[in-house]
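In our numbering, the protein residues as written are 10 to 187. By construction, the Cβ of each residue, glycine as well, lies at the ideal position given by its N, Cα and C atoms. Quantities reported herein were computed from a predicted structural model and do not represent experimental measurements.
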Amino acid sequence: MKRRRQGFTLIEVMISLAIAGSALVAIFAMQEAIARGNGLSREMTAATANTRMWIERLRRDSLLWTGDNAVALAQTSYLQQVGAGWIQPIPANPFPNFVEGSGADWSGNETNVAADQHFCTAINLTWIRQFQTMRADVVTYWSRQGRLDCANPAVGAVATPAQGIRQVAASTVLRRAR
Numbered sequence: 010m011k012r013r014r015q016g017f018t019l020i021e022v023m024i025s026l027a028i029a030g031s032a033l034v035a036i037f038a039m040q041e042a043i044a045r046g047n048g049l050s051r052e053m054t055a056a057t058a059n060t061r062m063w064i065e066r067l068r069r070d071s072l073l074w075t076g077d078n079a080v081a082l083a084q085t086s087y088l089q090q091v092g093a094g095w096i097q098p099i100p101a102n103p104f105p106n107f108v109e110g111s112g113a114d115w116s117g118n119e120t121n122v123a124a125d126q127h128f129c130t131a132i133n134l135t136w137i138r139q140f141q142t143m144r145a146d147v148v149t150y151w152s153r154q155g156r157l158d159c160a161n162p163a164v165g166a167v168a169t170p171a172q173g174i175r176q177v178a179a180s181t182v183l184r185r186a187r
């Protein structure tokens with residue numbers, strides 16, 4: 010009787026190495042996809058926070074709007090731009106010691122330095138009822154392929170993902186303070 014040797018054949022070893030190699034490739038691909046997803050998530054979170062901040066700023070500004078005429082509206086920092094279309098929100102009456110820029114860096118921190126701006130914000134204010142209520146649209150947009158010119162707010166209004174531009178938008182109704 011012939012005695013059977015113990016161990017693995019060359020074919021069995023090669024098959025196990027092929028399976029292990031395929032698993033390693035899949036793990037590395039999964040890590041790359043997770044890293045890309047985390048980057049997109051971070052960008053979306055920063056843009057959403059920036060959009061919400063601008064909605065709150067416009068609400069704060071509406072507290073200064075106390076009369077039903079253009080003179081009262083001129084006391085506000087941003088709302089006096091109603092009807093101007095998509096604009097870069099630059100305060101007409103800035104608060105001292107505050108940076109309120111329409112651009113933000115990669116971390117979502119506001120900056121007025123054009124070279125540091127990654128996220129851009131544009132607002133559009135339209136009347137619902139003259140000198141009583143207005144609609145405020147806020148768009149924060151950014152490019153996945155480089156920097157954008159935040160001084161051109163029309164880009165945010167017509168941006169599409171096909172152009173490599175992503176955006177977060179929000180709207181609110183602002184009422185005159187009584």
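Item, Value
"Three-pair Cβ contact test at 8 angstroms for the segment 132 to 140 versus the segment 38 to 58", "no"
"Endpoints, alpha helix (DSSP H) assigned at R68", "19 to 71"
"Beta-carbon spacing of C159, G94 below 9 angstroms", "no"
"Pair within 9 angstroms by beta-carbon distance, Q126 and L88", "no"
"Range of the contiguous beta strand (DSSP E) that encloses L183", "174 to 184"
"Contact check, T149 vs T130, beta carbons under 9 angstroms", "yes"
"Below-9 angstroms beta-carbon distance, M53 vs any chain B residue", "In the displayed structure, chain B is absent; only one protein chain is listed."
"A93, DSSP secondary structure in three states", "coil"
"Own chain, CB closer than 6 angstroms to A178, minus 5 neighbours either side, in chain order", "V148"
"Selection from M23, R69, R14 that minimises the alpha carbon distance to A186", "R69"
"Between the CA atoms of L49 and W115 - distance to the nearest angstrom", "12 angstroms"
"Closest Cα partner of Q84 within the set S31, T75, A29", "T75"
"C-alpha gap between N47 and E119, whole angstroms", "22 angstroms"
"N- and C-terminal bounds of the beta strand (DSSP E) containing A131", "128 to 138"
"Contacts around I99, its chain only, beta-carbon distance under 7 angstroms, and the 5 residues preceding and following it disregarded", "S111"
"Local Cβ density within 10 Å of F17, reported as buried at 16 or more and exposed below that", "exposed"
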